[in-house]
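The numbering of the sequence shown is this note's numbering, which starts it at 9 and goes up by one.
Using N, Cα and C, we set each Cβ at its ideal position, and we do this for glycine too.
For reference, the structure discussed in these notes is given below.
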Amino acid sequence: MNHQHHQRPGSHDQHRFLDLDAEVFGDHLAAVLDLTGVPTARSVVDLGAGTGAGSRLLRERYPDATVTGIDNDPQMLELLRKLGFAVIEADLDDGFPTLAGSLITADAATEAPVDLVWASSSLHHVAHPAQLLSGVRRALSPGGVLVVVELAALPRFLSHPSGALLEQRCHAAAAAEGWNHHPNWTPVIEAAGFSVTQSEVTTIAPVTPAAREYAQQWFARFSHLAALTADDRDAVKDLRERISDGIELEPRATRTVWVATPNASQEQY
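This is the structure we're talking about:
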């Protein structure tokens with residue numbers, strides 16, 4: 009699956025956008041991994057791996073594991089392959105792919121039961137999530153863990169009250185167009201045979217050049233929202249220019265995290 013934010017940027021812009029998210033909020037995702045309770049792993053799968061931001065984090069956390077990125081975008085997979093990851097080209101709408109014999113690696117990797125499946129901002133793009141989750145459950149090793157991560161809300165960057173209100177109106181306009189739309193995954197994951205713990209992780213990131221660029225990219229996307237008034241559109245344009253001039257920022261994001269383990273009392277299906 010491609011990681012999309014319901015806009016239609018160019019491929020290069022989208023790659024940069026995803027890499028900026030990883031650079032700015034990388035510590036945030038590391039904090040999410042702390043919730044998994046998986047100290048070591050042999051086999052890790054990144055569902056909808058995209059540019060590999062999650063895959064890189066997973067390899068850093070589990071250096072002895074085979075990290076396999078699954079995506080349906082050949083460009084994304086080529087990026088992952090060049091970074092040394094195992095990759096599988098598959099459409100997650102068709103369910104969880106067979107890993108055996110599908111790994112494309114420098115070495116001939118053998119399939120092992122999966123210790124951790126990571127699905128960050130990807131599950132809401134899947135047409136048949138119940139089917140995919142049932143496949144994940146079958147692939148997991150005893151004690152294996154599924155981690156589903158979604159943005160609880162779009163990232164926020166502005167701390168000044170007037171700017172924060174403008175940002176809030178941008179977020180409302182984005183929500184009206186379906187950006188970041190996803191359900192509460194708890195009942196869906198439970199129905200697939202898992203026990204689920206749901207929590208939220210909030211991080212305030214340092215103000216770096218990458219954070220300023222990321223904020224500019226978000227407001228560039230907001231500037232095309234049909235629901236914005238002409239005044240707000242002008243204010244967004246002015247704000248984008250002032251971000252690079254040193255306007256005060258407070259980058260922060262909250263992600264909802266579902267940590268799921270196979271329910272031993274239920275038959276595998």
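key: 8 Å Cβ cutoff met for T211 and D72   = no
query = T76 bridges to which residues according to DSSP?
reply = Bridge partners of T76: V53, A94.
key: Contacting residues, own chain, Cβ-Cβ under 6 Å from G18 (five flanking each side not counted)   = Since pLDDT at G18 reaches only 44, below the 50 mark, its modelled position is unreliable, and the value read off the structure follows with that caveat. Same-chain partners within the cutoff: there are none.
ask   = Would you report the Cα separation of T74 and I251, rounded to the nearest angstrom?
value = 40 Å
request  = Give the DSSP-derived three-state secondary structure of L37 in the structure shown.
outcome  = helix
ask   = Which runs of the alpha helix (DSSP H) spanning at least 4 residues fall entirely within the stretch 181-260, listed in chain order?
value = As far as the stretch 181-260 is concerned, its whole alpha helix (DSSP H) runs of at least 4 residues are 194-199, 217-230, 238-252.
message = Under DSSP, the alpha helix (DSSP H) around P105 begins and ends at which residues?
response = Segment: none, P105 is in no alpha helix (DSSP H) and carries neither H nor E.
inquiry  = So, for Q224: in the same chain, excluding its five sequence neighbours on each side, which residues have a beta-carbon less than 8 Å away from its beta-carbon?
reply    = Once the five neighbours on either side are set aside, the close Cβ partners of Q224 are R248, I251, S252.
request  = Spell out the partners DSSP gives R164 in its beta bridges.
outcome  = Looking at the DSSP output, R164 sits in a beta bridge with R260.
ask   = Going by C-alpha distance, which of L124, Q206, A135 is nearest G103?
value = A135
query = Is the CB-CB distance between E158 and T59 below 8 Å?
reply = no
ask   = Can you tell me whether DSSP reads L85 as helix, strand or coil?
value = helix
query = Which class does A135 belong to by DSSP, given the choice of helix, strand or coil?
reply = coil
query = When DSSP builds the beta bridges, which residues end up paired with T269?
reply = DSSP, once it has assigned bridges, lists S203 as partnering T269.
task = With S63 as the anchor, note down where its alpha helix (DSSP H) starts and where it stops.
result = 61-69
task = For V46, name the three-state secondary structure that DSSP assigns.
result = coil
query = For S129, does the three-state DSSP call read helix, strand or coil?
reply = Three-state DSSP puts S129 in coil, outside helix and strand.
Beta-carbon proximity check, L37 vs T76, cutoff 8 Å = no
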